[in-house]
Structure formats: structure tokens, C-alpha cells
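First to last, the sequence lines map onto chains A and B. Just add 42 to the spot in the first sequence (first one is 1) and you have this note's numbering. No gaps in the numbering here: position 103 of the second sequence is 87 in this note's numbering, and each next residue is one more. Structure record follows, encoded as C-alpha cells.
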Amino acid sequence: MTHSLHRRGSRESLEKDFVVLSCSAKGFNDNVFGQKGKEFLRICLRHHPVNFGDMKTGNFLSVDPEEVIARVSNTTILEVTYDSKQDVVELMRDLKEADLGVSVIISGLHDVVEDIVRQVGLKRIHTREYSLGTHGRLELLPEYEVLEFTTMCGHAMVASGLVKHMIAQCKLGRRSLRDAAVTMGKCCSCGNFNVNRAQDLLARNLGLWVADWPIY
Amino acid sequence: MQVDAEKCVGCGQCIPFCPVDARSLGRLPGHGRVTLIIDSDRCAECGVCLRSGICPTDAMYQEALEMPRLIRAILSDPLIEFKATGVPGRGTEEIKTNEITGRIRFGYAGVGIEMGRPGVSTSWEDVQEVTRAMAKLGVGFCEGNPVTHFMADRNTGDLEPDVVKEKSLSAIIEFDVSLEKLPEVLRVLQEITPQLETVYTLEVSCKVHPDGTLPVLPIIEQAGYTVLPNSKNNLGMGRPRFREPGEEGVA
């Protein structure tokens, strides 16, 4: 699916937002992917991910990283989120050297990903998927500031009501920005939710939003 | 999802966690105190509330689901594996393994229409509206995709009758088309959009040519769309690498 594709935000914010994925190819390497996937995650873990998960197990905000790695199976999707281009460059150098033979995908700004490919010395991007945006009954969508959070989980596990609730909790001093970001991140079981970016977005929104919804 | 009204203390802490606003507080008939009420028609069976662990009295529980309601969980809860593909999630491998599988080749584009995304949810009547329109264009719906799996007739785009009454957080309609046919697909999609009761996100993918160009870009622009500045990129690191004429190492 396209879990990591349709993230919304300013260029400045998206420059600190990368999702690196790997998954098995059915009928080609789904008999050996488990071992390769474990190695992929171990390499990813060395480069300061802000989130990290296996679609069948959950993310490392909720499950111990070693358990996430131990449970990687032959048919799954692994997703690791970073907030630094340099970390992704170093990661890709290690993955290139390891030559695991499994597919590796980066979601991020077109030109920034292209620059990473150049810096690492990979030939070129093989296949690209573009987002053509959202269409239809747009009046059903929450505010754009809320979409910046919720679209960091393509499965829509982070509710727009939760985003507003967390902003309210932070405004009232009931939660720290970090705690609020991690609470949202735990809902996105795959590991796509960039908790550091969410923390930055919360800080930006605290002064802009009025808590005019029920406080539980 | 169900709530045990005897255990629920009506604190409402789970309400913000629901992606489809299916929760409210109220009094059940014959039940004196305030308790959580789940609107089962709205509930997408995504399981977020239960996994959050927010309930202080463990009052929520997931009942066993049967078809057709089970389709809500299959399409809404990412931790549930779709048995037909053996892979969790709502779609196929699409571009993620393209250098290995060779699914999308030069001269073709992959199209994904994700109904209900982001976070609005979709009825399967709306899903069928789109599958029928696309079927008329003769597109080949992707194998291993849950929407394709639940079609009664791929030539007409008709879904199984009991499935049409269901809903889910989202559902991806996936197919590959020739670049010649892509403008017609985008035109028809624009024409039927006002008839839909939900939103959808649209994605188009293609192989990058050896000279670095992407032939879908002018087609997308010609159709009046603007691509977002972020994209998903397969770096071509998988083996066996699929090569076709025009690529490095192939005459």
C-alpha cells in the first residue's frame, strides 16, 4: 500500500521526515526475507531512527526493539522513520555495503531523496510513486494543521480528535510535548509516525489553537 | 468493538482515540449511570481504542467478527493479515518490489485510488462507484488486492452484494494501465468525483527511465493535477533485478 506517501506539511517540516521501508517480494524472496529483514532492521537501528516497526508486530514505542526484530517473518513490511537526511545517507551507505538483496524504499521530498541517492553512489531511482493529492468531499477533512499529524500514519490510526485532544492536554500542562507525541505515535503500529516532527508541530500549534472541544 | 457497560465508568478517555468518531457518552435503557456508547454502524473495527490501553477498567473487548462485517477489520486494522496475500495492509506490494517483480514496466503506470483516505472512511458503495467506472475503461485490477478479491465481476467492477453494504477506514483500488490510457482514466475519475460521498487520495507510479525522466509527469500535468513534493522511491537494491530492453545490461 501507500502508507508513507501522502504526508502533508511545509517543505521545511518535510525536510526532516523520511520513511525507509523494506518488504518481501511474493514468489521471489518470501522464503528468505525473514533473516534479511532482521539484518535490515539491525542496520537501521544503528542510525538513530525516531520510529521503527514491523507491520505484523508493532512499533518500538510499544514493543521492545529486540522483540520487533526477533518477530520479523518472511512476509511482512518493515518501516523505519528518520528526521535527519545525514542519518539516511549513512544508513544507505551501510545498506549498500551489506547488499542484502531485498527491496529498499525511501519516502521523502523528491529532490532530497535524489540527492541521497547521488551521495551514496547508487545508480538511480528505479521506480517512483507520486501523490496527486486528495479529492472529493474535502469539507469532510479536518484542518490542515491536524492533517500534518494524521497523515504521518497512512492507515489513519492517529485520530484527528486525538491530535486536538493532545494539543489541549499540552496547553493545560497535563502532558509534555514528548509524551503527547509518543501517545499519538503508539497508535501508528507500523512505525511511520515521526514523533520528533510531531513534537515540533505540537510546539508550533500550541499558540495557534484554542481548546474548544471536550476535555476528558 | 464492544463495551461492557458494567465495567465502563464513563470517563470518556477513549473517545479521542476513535478515528471515525463512533463514540459518545450516554445512558443505555435500564442502565442508570453514564457509559460509553459505540455506534456500531460508524465503527470501522480498526482496534485503535483497544490497543491504546487507555481504558482504566478494561471495559472494551473485540467480539469475533463474521463476514461481511469482518471486511471492516481486514481493511481498517493494519495488524490483520489479509489471507489472500499473506501480507498485512490494505494493498499490494505495488512499487515496493518492482525491481524484483517487474510488475510496472516501461510504457505503463501503476494507479492507486485510496477511498476514504485520509481518515474520513468510505462506504463500499462509493468503492463500487469507482470500480464500475474504471472497469468500463477495461483496466485490469491488481491481483492480491482486497478490493479486487471482493469483486463479483471484474469486467463490470461489481462487488459482492453483501460487501457493498459495508464500510472501512479506507480501501485501495489498484490497477496498472498503459501510458496511452492514463489520460482517460484520470478524466473519468474527475467526472465521477462529484458523485462520491467521501474523499480519496490518488497516486500514480512509473519506472524511471535510464535518462532520469518520468513519462507520467507530463500526462499528470496535462490532466490538471499537481504532484505533491514528496514521493515514494524504490532504489532498485533488490535481487533478482528485473531488466527489460532499454535498461542497463539489456540489449
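C-beta: ideal position from N, C-alpha, C; glycine also.
Return the residue from the list the options that minimises the CA-CA distance to residue i.
| i | options | result |
| --- | --- | --- |
| B:V32 | A:R217, A:M208, A:C229 and A:R88 | A:C229 |
| A:R179 | B:V123, B:V104, B:E109 and B:D137 | B:V104 |
| A:Y186 | A:E109, A:F75 and A:W251 | A:W251 |
| B:P102 | B:F226, B:T85, B:A155 and B:C190 | B:A155 |
| B:T106 | B:P229, B:A43, B:L153 and B:E231 | B:L153 |
| A:A245 | A:V146, A:Q128, A:M134 and A:S55 | A:S55 |
| A:T176 | B:G10, B:L186 and B:A117 | B:L186 |
| B:N214 | A:V237, A:T225, A:M208 and A:R170 | A:R170 |
| A:I165 | B:G94, B:V192 and B:R171 | The sequence as given places Lys at residue 165 of chain A; Ile does not occur at that position. It is B:V192. |
| B:T81 | A:S218, A:L151, A:A223 and A:S64 | A:S64 |
| B:F226 | A:K58, A:F70, A:V61 and A:H45 | A:F70 |
| A:L183 | B:T115, B:D137, B:E113 and B:G100 | B:G100 |
| B:A117 | B:D142, B:I(-1) and B:K(-9) | B:D142 |
| A:H152 | B:E50, B:L173 and B:K216 | B:K216 |
| B:T149 | B:E65, B:E164 and B:E113 | A quick correction: the sequence has Lys, not Thr, at residue 149 of chain B. Nearest C-alpha to B:K149: B:E113. |
| B:T177 | B:S162, B:I97, B:K151 and B:L121 | B:I97 |
| B:G124 | B:K165, B:K151, B:P145 and B:E231 | B:K165 |
| B:E231 | B:Q206, B:A207, B:P194 and B:L198 | B:P194 |
| A:C86 | A:C212, A:L214, A:E108 and A:T225 | A:E108 |
| A:C212 | A:G227, A:F235, A:T192 and A:G249 | A:G249 |
| B:L20 | B:T85, B:I(-1) and B:L163 | B:I(-1) |
| B:E77 | A:L214, A:K68, A:G215 and A:R216 | A:K68 |
| A:I119 | B:D137, B:V161, B:R74 and B:L49 | B:R74 |
| B:N139 | B:P145, B:I157, B:T115 and B:Q174 | B:T115 |
| A:M226 | A:N93, A:G215 and A:D106 | A:N93 |
| B:A119 | B:I157, B:T85 and B:L198 | B:I157 |
What distance in whole Å lies between the Cβ atoms of residue j and residue i, which are believed to be in contact at a cut-off of 8 Å?
| i | j | result |
| --- | --- | --- |
| A:I148 | B:L219 | 7 Å |
| A:G51 | A:E190 | 5 Å |
| A:S66 | A:N101 | About 19 Å; that fails the 8 Å criterion. |
| B:G222 | B:E83 | 5 Å |
| B:F159 | B:C190 | The Cβ separation is near 14 Å, so there is no contact. |
| A:M194 | A:R49 | 6 Å |
| B:K209 | A:L174 | Correcting the residue identity first, residue 209 of chain B is Tyr in this sequence and not Lys. With 8 Å as the limit, B:Y209 and A:L174 qualify as a contact, their Cβ atoms being about 5 Å apart. |
| A:R239 | A:D125 | 6 Å |
| B:V172 | B:V95 | 11 Å between Cβ atoms; not a contact. |
| B:A136 | B:L170 | Contact flag wrong, Cβ pair sits at about 26 Å. |
Within a Cβ cutoff of 8 Å, which residues of the same chain sit near residue i, ignoring the five residues on either side of it in sequence?
| i | result |
| --- | --- |
| B:V147 | P52, I55, W108 and F134 |
| B:V18 | G(-6), L9, G10 and R11 |
| B:A235 | Note that B:A235 has pLDDT 48, beneath the 50 cutoff, so the model's placement of it is unreliable and the number below is only indicative. Excluding residues within five positions, the ones whose Cβ falls inside 8 Å are P229. |
| A:I167 | V155, E156 and V159 |
| A:D242 | S55 and K58 |
| B:E168 | L121 |
| A:L47 | S149, E171, S173 and G196 |
| A:S104 | K228 and S231 |
Looking only at its chain, what residues have a beta carbon closer than 6 Å to the beta carbon of residue i, apart from the 5 residues adjacent to it on each side?
| i | result |
| --- | --- |
| A:R113 | T99 |
| B:H15 | A(-11) |
| A:I209 | N247 and W251 |
| B:G(-4) | L9 |
| A:K78 | L142 and V144 |
| A:G150 | F60 |
| A:V62 | V122 and I148 |
| B:Q(-14) | Y45 and E47 |
Tell me which same chain residues have a C-beta within less than 7 Å of the C-beta of residue i, skipping the five on either side of it?
| i | result |
| --- | --- |
| B:A6 | I22, D23, R26 and C27 |
| A:G95 | N101, F102, V110, E121, S231, C232 and G233 |
| A:D72 | S66, N116 and T117 |
| B:T41 | K(-9), C(-8) and V(-7) |
| A:A3 | With chain A covering 43 to 258 only, the question about residue 3 of chain A has no answer from this structure. |
| B:D110 | M99, L180, E181 and T182 |
| A:V162 | V131, M134, R135 and K138 |
| B:C30 | P3, S60, D61 and L153 |
Could you check whether the segment 180 to 196 of chain B touches the segment 125 to 132 of chain B, counting it as contact only if at least three pairs of C-beta atoms, one from each stretch, sit closer than 8 Å?
no
Indicate whether the contact test is met: 3 or more Cβ pairs, each with one atom in the segment 198 to 206 of chain B and one in the segment 53 to 69 of chain B, closer than 8 Å.
no
In chain order, which continuous runs of the beta strand (DSSP E) of length 3 or greater are located wholly inside the segment 71 to 121 of chain B?
92 to 99
Inside the segment 150 to 238 of chain A only - beta strand (DSSP E) runs reaching at least 3 residues:
169 to 178
Okay, do the segment 84 to 92 of chain B and the segment 34 to 44 of chain B touch, 3+ Cβ pairs below 8 Å being the bar?
no
Could you tell me which whole beta strand (DSSP E) segments of length 3 or greater appear in the segment 69 to 118 of chain A?
93 to 96
Three or more C-beta pairs under 8 Å: does that hold for the segment -9 to 3 of chain B against the segment 199 to 216 of chain A?
yes
Okay, do the segment 155 to 166 of chain A and the segment 119 to 134 of chain A touch, 3+ Cβ pairs below 8 Å being the bar?
yes
Complete runs of the alpha helix (DSSP H) confined to the segment 8 to 41 of chain B [at least 4 residues]:
32 to 36
Which residue spans inside the segment 111 to 194 of chain B form an unbroken alpha helix (DSSP H) run of at least 4?
130 to 133, 145 to 148 and 166 to 176
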